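Using the numbering used here, you'd call the opening residue of the sequence shown number 350 and step up by one each time.
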Amino acid sequence: MPLCRKAIIAAFLLTFITISNGAAGQKEVRILLSSTDKVELFYKEWKGDLFWFEKDSEKNGNVRQELIRIFREESAFNGLDSQKYLSMLPLKADFSNLSPVEAFDYDRKFTNAALTYFLDLYQGDKRIRNLIGSDEVSGKSERRDIEYIVDLLNKFNSTTDLNAMARSLEPRQQDYTLLKAELKKQIYLGDSVKAEAVRTSLNCYRWFSHFHFDKLVVVNIASAGLKYYESDSLKLDMAVVVGKPSTMTPRFVTYCDQVILYPYWNVPRSIAVNEILPVCKKSLMILDVLKMQVIDSKGGVVDPRSLDWRKFTKSNFPFRFRQSTGCDNALGVIKFNLTSSYNVYLHDTNLKSNFQARSRYFSHGCIRVEKPILLANSFLEKQLDEAFLKASIKGQQPITKKVPKPVPVFVLYMMADVNVDGTISYFPDVYKLF
Numbered sequence: 350m351p352l353c354r355k356a357i358i359a360a361f362l363l364t365f366i367t368i369s370n371g372a373a374g375q376k377e378v379r380i381l382l383s384s385t386d387k388v389e390l391f392y393k394e395w396k397g398d399l400f401w402f403e404k405d406s407e408k409n410g411n412v413r414q415e416l417i418r419i420f421r422e423e424s425a426f427n428g429l430d431s432q433k434y435l436s437m438l439p440l441k442a443d444f445s446n447l448s449p450v451e452a453f454d455y456d457r458k459f460t461n462a463a464l465t466y467f468l469d470l471y472q473g474d475k476r477i478r479n480l481i482g483s484d485e486v487s488g489k490s491e492r493r494d495i496e497y498i499v500d501l502l503n504k505f506n507s508t509t510d511l512n513a514m515a516r517s518l519e520p521r522q523q524d525y526t527l528l529k530a531e532l533k534k535q536i537y538l539g540d541s542v543k544a545e546a547v548r549t550s551l552n553c554y555r556w557f558s559h560f561h562f563d564k565l566v567v568v569n570i571a572s573a574g575l576k577y578y579e580s581d582s583l584k585l586d587m588a589v590v591v592g593k594p595s596t597m598t599p600r601f602v603t604y605c606d607q608v609i610l611y612p613y614w615n616v617p618r619s620i621a622v623n624e625i626l627p628v629c630k631k632s633l634m635i636l637d638v639l640k641m642q643v644i645d646s647k648g649g650v651v652d653p654r655s656l657d658w659r660k661f662t663k664s665n666f667p668f669r670f671r672q673s674t675g676c677d678n679a680l681g682v683i684k685f686n687l688t689s690s691y692n693v694y695l696h697d698t699n700l701k702s703n704f705q706a707r708s709r710y711f712s713h714g715c716i717r718v719e720k721p722i723l724l725a726n727s728f729l730e731k732q733l734d735e736a737f738l739k740a741s742i743k744g745q746q747p748i749t750k751k752v753p754k755p756v757p758v759f760v761l762y763m764m765a766d767v768n769v770d771g772t773i774s775y776f777p778d779v780y781k782l783f
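Given below as structure tokens:
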């Protein structure tokens, strides 16, 4: 017979009062009361108390078995850990003749496992974010994502294919589909290293794709490449130069809010005191060669020949270096400002030949962009004047152009990715992160 709402609640409260003083009872109560927020939200929206055990029928049991089958057979080919979800389910083979309390508890365990799996399939397993130092994007959508998945499961009925519902959560991009096929291939071949690389990439694709941003930049440090998307459609694919293993580019998620033409390069202090200062103590010629200015704490330009360089050390150097604008500037003539707290940004470069190198890990951490004008024009409402940018105007002051709607930038580390021709490439673990 169906378990009615009042009987379940009454039995649950009676059990709580009766056994809460015993050790075993305390353990059971903790299980019943430790539901996650998403589970509580689901039952707040659900019309009944039970979802998976509402009726002791064959149809109801088939739905549970289908969920278990998806965990066991589908999750691995989706780049997810089947044990993560199976371990959330009750360790019981026979679900007949359940007490009201058992039904109440088991129902929530199945719901928790289902919602966790669907969320991972939708936004990527959150373990991929362990290598991300800063994320300015995801927190704003976390509640919305949970509500979306809860609503989707709430709409489930006997005519719905549970597996089809799960598949509807995945990205529609061709690159994602190709990566899924590659994962299945590597699993069958038994290549665990390549399979793990593809798993990470699949979850990264789920993560940045599920937002459905109007515009999106994805920098892959491992491949030293950049992809620019509009409405999930790839528009630009270009090479970048990223940090050396000794000065790694950090992994982070941020926004580009400004494009700066003819930017100054304000030399990071680590470079200033470790690389430029020691040379200046021997000869100031390097400042002329690099077109560097010495700047005081108030932003004023200081004559370097008026200073006693012998007394300066790494710890007491009170100035900073700034490179003059123009084509000789290390940032080139375009800088993409990022809102991240890292002193890292995307920029043009005066060393164009580096983009032809097979291994492009040369920078101090910033990201040099192969086609900065194309990328900037994609961000801005008005197209840039290329003749003005190529003129290398001496003494030209920086010009800041506001990006109308800040563009999300994901700086990730994926050792497997799809090429423009649809083939899969694997990249070395240059930073030794795996």
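The beta-carbon is built from N, C-alpha and C at its ideal position, and this holds for glycine as well. Source: prediction; values computed, not measured.
- Excluding residues up to 5 positions away in sequence, Asp586 lie with their Cβ nearer than 8 Å to the Cβ of Val769 in the same chain.
- Looking at the DSSP output, Leu687 shares a beta bridge with Cys605.
- Runs of the alpha helix (DSSP H) spanning 4 or more residues and lying entirely within the segment 649 to 733 occur at 721 to 728, in chain order.
- The shortest CA-to-CA distance from Gly539 to any of Phe459, Val590, Glu451 and Ala425 is the one to Ala425.
- Assignment of beta-bridge partners to Val591 by DSSP yields Tyr710.
- The residues Leu399, Phe400, Trp401 and Phe402, in chain order, have a CB closer than 7 Å to that of Asp456 in the same chain once the five nearest residues on each side in sequence are set aside.
- Between Gly714 and Asn692, the CB-CB gap stays under 9 Å.
- The C-beta distance from Tyr613 to Pro747 rounds to 6 Å, short enough to meet the 8 Å contact threshold.
- The beta carbon of Glu531 lies closer than 6 Å to those of Val547 and Ile773 in the same chain, with the five residues before and after it left out.
- Judged by beta-carbon spacing, Lys564 lies within the 9 Å limit of Val756, meaning their Cβ atoms are closer than that value.
- Here the C-alpha atom of Trp658 lies approximately 27 Å from the C-alpha atom of Gly675.
- Annotation: Glu485 is outside any alpha helix (DSSP H) and is labelled neither H nor E by DSSP.
- Contact holds between the segment 446 to 466 and the segment 491 to 502, because three or more Cβ pairs, one in each stretch, are under 8 Å apart.
- Here DSSP, grouped into helix, strand and coil, assigns Ser741 to coil.
- Here DSSP, grouped into helix, strand and coil, assigns Lys564 to strand.
- Nearest to Val388 by alpha-carbon distance, out of Lys458, Tyr434, Lys441 and Gly410, is Lys458.
- According to DSSP, Asp454 shares a beta bridge with no other residue.
- In the three-state scheme derived from DSSP, where H, G and I count as helix and E and B as strand, Tyr525 is classed as helix.
- About 6 Å separates the CB atoms of Tyr577 and Ser727; that is less than 8 Å, so the two are in contact.
- In the DSSP secondary-structure assignment, Asn569 is bridged to Gly574 and Leu761.
- In this structure, Asp524 lies away from Val760, with their beta-carbon atoms at least 9 Å apart.
- The segment 724 to 740 and the segment 590 to 602 do not touch, with fewer than three beta-carbon pairs separated by less than 8 Å.
- Excluding sequence positions up to five before and after Leu468, its CB lies within less than 8 Å of the CB of Lys387, Asp494, Ile495 and Ile498, all in the same chain and listed in chain order.
- Sequence-distant Cβ neighbours of Trp556 in its own chain, meaning closer than 7 Å and more than five residues away, are Gln472, Gly473 and Ile477.
- With respect to Ala765, Tyr780 sits apart: the two C-beta atoms are not nearer than 9 Å.
- Taking C-beta atoms under 8 Å as the contact rule, Val590 and Arg709 qualify, at a distance of about 5 Å.
- With contacts defined as CB atoms closer than 9 Å, Met763 and Asn479 fail to qualify as a contacting pair.
- Annotation: Asp606 to Lys534 spans about 41 Å, alpha carbon to alpha carbon.
- Residue pairing from DSSP leaves Leu532 without any beta-bridge partner.
- Going by DSSP, Ser774 is part of no alpha helix (DSSP H) but of the beta strand (DSSP E) stretching over Ile773 to Tyr775.
- Leu782 is positioned such that its CB atom lies no closer than 9 Å to that of Leu575.
- If you look at Met634, you'll find it in the alpha helix (DSSP H) that goes Met634 to Leu639.
- Residue nearest to Pro777 within the set Met634, Gly771 and Ala571 is Ala571 (criterion: CA-CA distance).
- Per the DSSP secondary-structure output, Gln642 pairs in a beta bridge with Arg671.
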